[in-house]
Amino acid sequence: MGESPTLNEIVAAIFGPDFDPKTIHFASFPGDPHNKDDARWHGHRLTTGDETLPKGNNNFLCMGALDPTKTGRSLADVTHHVAFWMDDVGTKVPLERVKQLTQRPGMAPVLIIETSPGNYSYIWRLDKAVEELPDDFDAQTVTAIRHTLKADGWGDPAAQDHVRYMRLPGINGKTAYRQADGAPFQSRVVEWSPSNVVRLEDFAAAIMGATWFEDVRSGRFAPAQVLAGASNDRAATMDDPLVRLALAVGLSPQPSTRAGVIDCICPNGANHTGGDQTGYAIINDGMSYCNHASCQHLRSPDFQDMMIEAYDAQVQAGIMFGTIVENPLGVGLLDAKTGEVVPATGTGFLASVRFENAAVDTGMGSAGQSLVEAAEEVALRMSDAEDARYQYVADRFVAVDQTGSFWDLKYGQLIGPDLFDRDGGVLQHFKLATGKNRASTLALNHHSMRHVQTLACRPGEPVITTTRGPKGDPIPAVNTYAPANIRRVTGVPQKYLDHLGHMFAGQQQTVDYWLDYQAWRLQNPGAHTSIIALFGGNPGTGKDFLLEQFFKMVGQHNVGRATVKELMSEFNEAVLLPTVYLDEFSLAGKDAQFGYNKLKSLASPTGVSITINPKYGKKFKTQVSTSVLASTNDTDSLEGVGTDDRRFFIAWTFANKLVGQHPVTTPMSEAYFQDLWDHYEQPDSIGILYDFLMKRNVQHFNPMGAPPRSAARHSTLVASLSTASQFVYDLVTAGPLANRKVISSEEVRALALASDDPGVKNHTSPKALARGLQAAGCVSINRAGSDNNQVRVSGGQRVRLWSGACVVANNAQVVGAVSEQERDVLLGSPDKARDLFEAEVAASGAEFALT
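Residue numbers (the numbering used here): 1 to 851.
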């Protein structure tokens with residue numbers, strides 16, 4: 001994106017344009033936040049709303065609107081809820097899972113921030129602020145959503161604290177994220193859509209599901225002061241599962257003097273000020289509250305989670321000290337002293353008690369059924385539940401032994417054990433644990449888990465397939481390819497074709513080639529092309545639209561997204577997918593050559609064997625064949641692309657977008673784009689485009705051949721030249737050397753060094769010289785051969801000068817300036833190259849001697 005938004009713009013986008021600065025809490029400090037000498041977490045309220053974001057500081061924003069009469073940042077100070085956010089997207093929740101959420105209608109975020117390499121915060125602004133009132137349904141809905149975000153693994157659970165700090169643009173001073181040169185990572189805004197808002201009910205339905213309204217209305221998420229007065233809901237007994245769990249973890253539940261209420265020690269009692277741990281009450285199975293001031297921010301699910309955690313810790317301690325042992329019958333655990341079955345987790349305990357109670361309610365265990373039979377039936381039910389949870393992970397995941405990771409068939413990505421353990425679906429079946437009780441460890445060791453050696457992209461083959469190992473032997477692999485769910489519909493994609501024609505008006509060769517490229521890729525799913533398709537031009541002209549339609553047709557799950565910088569890093573797993581998209585493409589600056597070489601290896605016709613270092617697994621080496629697409633708004637980003645490079649198909653649009661109050665003299669207005677995107681969100685519309693491309697004849701298309709060298713491509717690459725290269729280009733095309741056939745590179749360099757422009761004089765390197773000459777259509781002719789009687793013409797062609805003669809040049813190199821047509825003749829005909837060289841060499845000014 002362009003210039004990063006200011007602090008004032010970010011606050012306005014989250015809290016609303018009319019925000020009161022005194023309700024906003026902000027912290028900013030340099031150094032490492034983990035270093036107590038650097039950290040300054042107390043922060044302050046904004047004063048005027050026009051404070052800046054210091055680029056050299058860690059910058060943080062409190063996500064709750066606070067009481068303007070206070071100065072602190074406590075839960076008691078929260079007056080309004082304005083947004084939802086997810087932190088650690090990419091590390092604690094799969095990026096693709098969150099992207100699928102954002103693609104739902106009305107769920108686009110207002111802001112996305114990259115807070116550390118490959119790690120993001122997603123923020124959604126509510127269309128209306130929700131006031132924090134005890135008996136307000138919307139306030140309870142906010143609590144319910146945040147609880148679900150935490151329980152279902154939507155990123156860092158700590159982010160669901162009402163007054164949690166969110167990292168803003170600036171540095172991330174943590175030592176772990178320092179770059180190779182010691183500089184801190186720069187946190188940055190990667191997506192900025194300040195007009196985007198979400199409705200509370202839409203967000204609730206997306207996160208909690210269709211029953212969200214009933215879940216909130218149940219009262220589970222009401223605060224203590226509401227539940228304390230809810231006399232109609234008081235129906236707790238000592239047999240309730242939650243009460244039994246409280247007893248199991250030592251909270252001493254006792255019937256209260258109030259009917260239907262069980263008084264207990266508070267699960268959060270250790271945090272009560274003053275040391276008094278009373279005040280907690282269970283009023284039915286699933287609803288509880290604590291009257292203590294320290295617990296006013298907690299809701300029923302929070303207390304239940306604390307009990308479950310206490311139970312799990314208790315079981316782990318029992319296993320460690322030998323008081324709880326494995327059941328030799330394979331069902332749960334046993335108390336070593338009494339021989340009684342012990343549920344392995346707190347959630348399992350609640351489930352077993354609920355099943356027990358249901359058994360009594362339905363007559364189980366009564367006359368006609370012995371206690372032994374009832375116990376056997378309970379054990380059988382527990383065994384079935386155990387099989388069901390393992391079957392869930394076995395159906396969804398495949399263990400990839402070479403990487404120490406899992407392939408997620410649902411989201412089409414590789415995840416490591418940590419992400420596996422925290423996945424929302426997995427957490428519905430396995431408790432978050434450590435050591436040998438981790439879900440990932442249990443799943444890996446269970447007989448139902450499928451194991452393979454590596455990854456492979458095999459369209460049309462089953463999930464478990466084979467590929468060739470380093471020695472050519474077949475090895476088991478998981479098939480990472482899954483087709484897009486698009487139905488073919490007969491028709492003509494007229495809106496798409498019209499837009500394509502407008503973007504590339506006068507560039508029919510570009511239009512035809514892009515249609516051919518797409519058609520060939522779709523008709524040959526998973527096949528590799530060495531062509532790098534690069535889209536460029538002014539922002540807002542529809543490049544993203546064209547690319548996103550293609551990604552829909554190949555399947556978004558088959559597209560890895562990265563930047564060139566990320567591709568150059570050691571975390572390069574995006575190349576495992578059949579398509580890689582490089583957003584904000586750039587081959588400029590000191591890393592241009594390194595990035596170019598990386599792309600060149602990926603574009604190899606036969607694929608390339610590279611080392612992959614996934615973020616959540618161990619390094620492994622594999623053969624990859626991925627096809628690369630990219631986009632950019634800036635010609636300067638093409639600095640590292642040679643003007644004669646055969647790999648790049650450059651589709652550069654010279655269209656402009658008219659916005660605001662300008663009259664609509666072109667079709668590219670805001671309304672036009674809204675209509676275009678909406679149209680191709682319809683299944684039939686994208687189905688028509690897909691069918692159109694699937695029927696297109698591409699027998700003539702060469703996926704490994706050079707793309708067309710259009711005039712637009714040439715002018716674009718010329719515009720990307722550095723100042724020094726541009727000077728050389730102008731010398732040869734319109735300057736004193738314009739009419740010369742043979743030019744000495746030394747005389748060109750001499751003219752550049754004589755320039756008054758420091759950008760030319762001080763930067764005419766051999767590389768800059770070569771780029772300018774290449775852009776001008778020159779071919780390089782170098783002496784070659786053991787007897788120096790041959791020359792090498794760029795392109796690898798060797799030609800003999802003349803029999804019995806040897807050219808000895810005082811200059812190391814001469815170059816021939818020729819047109820594209822002459823160049824093809826020159827490279828294709830050694831005789832004509834020799835004639836051209838002999839006839840024109842004298843005009844070069846170079847000194848040659850014949851021997």
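Cβ coordinates follow ideal geometry from the N, Cα and C atoms, glycine included.
- A distance below 9 Å separates the beta carbons of Arg-217 and Phe-137.
- Just measuring C-alpha positions, the residue of Gly-412, His-162, Val-492 sitting nearest Val-559 is Gly-412.
- Cβ neighbours of Gln-304 within its own chain (closer than 7 Å, five residues either side excluded): Leu-242.
- Taking C-alpha positions only, Val-82 is separated from Ser-586 by approximately 37 Å.
- Assigned with DSSP and collapsed to three states, His-162 falls in coil, not helix or strand.
- Residue pairing from DSSP places Pro-474 in a beta bridge opposite Arg-468.
- Judged by beta-carbon spacing, Leu-721 lies beyond the 9 Å limit of Arg-749, meaning their Cβ atoms are not closer than that value.
- Using a Cβ distance threshold of 9 Å, Asp-302 and His-147 count as a contacting pair.
- For the pair of segments examined, the stretch 53-71 was found to touch the stretch 7-23: the number of CB pairs separated by less than 8 Å reaches three.
- Across the structure, Val-197 and Ala-108 are spaced so that their CA atoms are roughly 8 Å apart.
- Cβ neighbours of Asp-156 within its own chain (closer than 6 Å, five residues either side excluded): Asp-87, Asp-88, Lys-92.
- The three-state secondary structure of Val-216, taken from DSSP, is helix.
- Between Lys-552 and Ile-486, the beta carbon gap of about 7 Å places them in contact (Cβ cut-off 8 Å).
- For Ser-627, the uninterrupted beta strand (DSSP E) segment begins and ends at 627-632.
- As computed with DSSP, Glu-326 is found in a beta bridge with Leu-333.
- Nearest to Trp-652 by C-alpha distance, out of Leu-95, Asn-633, Gln-726, is Asn-633.
- Separation of Gln-674 and Gly-209 (C-alpha to C-alpha, rounded to the nearest whole angstrom) is 28 Å.
- Nearest Cα to Ile-262 within the set Ile-308, Lys-619, Asp-240: Asp-240.
- In the structure shown, the three-state DSSP call for Val-732 is helix.
- Check the Cα spacing between Pro-267 and each of Asn-291, Leu-567, Phe-321: the tightest is with Asn-291.
- Around the beta-carbon of Lys-150, 16 or more other beta-carbon atoms lie within 10 Å, marking it buried.
- Residue environment: Arg-646 is assigned as exposed (fewer than 16 neighbouring CB atoms within 10 Å of its CB, all protein chains considered).
- Fewer than three beta-carbon pairs drawn from the stretch 533-547 and the stretch 717-735 are found closer than 8 Å, and the two stretches are therefore not classed as touching.
- By the criterion of a C-beta distance shorter than 8 Å, Ile-532 is surrounded in its chain by Leu-599, Ala-603, Val-628, Leu-629, Ala-630, Arg-647, Phe-648, Phe-649, once the five residues flanking it on both sides are discounted.
- The C-beta distance from Gly-173 to Gly-31 rounds to 5 Å, short enough to meet the 8 Å contact threshold.
- The alpha helix (DSSP H) runs of length 4 or more contained entirely in the stretch 105-176 are, from start to end of the chain, 137-151.
- Under the DSSP assignment, Gly-501 falls in the alpha helix (DSSP H) whose first and last residues are 494-503.
- When DSSP states are grouped into helix, strand and coil, Phe-585 belongs to the coil group.
- By the criterion of a C-beta distance shorter than 7 Å, Glu-132 is surrounded in its chain by Val-78, Thr-79, His-80, His-81, Ala-139, once the five residues flanking it on both sides are discounted.
- Assignment of Cys-778 by DSSP, reduced to helix, strand and coil, places it in the strand class.
- Distance from Leu-693 to Leu-500 at the Cβ level is roughly 12 Å; contact not present, criterion being Cβ atoms closer than 8 Å.
- The residue among Ser-74, Gln-391, Pro-539 with its C-alpha nearest the C-alpha of Ala-293 is Ser-74.
- Contact between Ser-256 and Ile-265 does not hold, since the beta-carbon distance rounds to 13 Å and is not under 8 Å.
- DSSP places Glu-191 within a strand segment (E or B) once states are collapsed to three.
- In summary, Met-307 is buried, with 16 or more beta-carbon neighbours lying within 10 Å of its beta-carbon over all protein chains present.
- Here the alpha carbon of Gly-526 sits roughly 18 Å from the alpha carbon of Leu-515.
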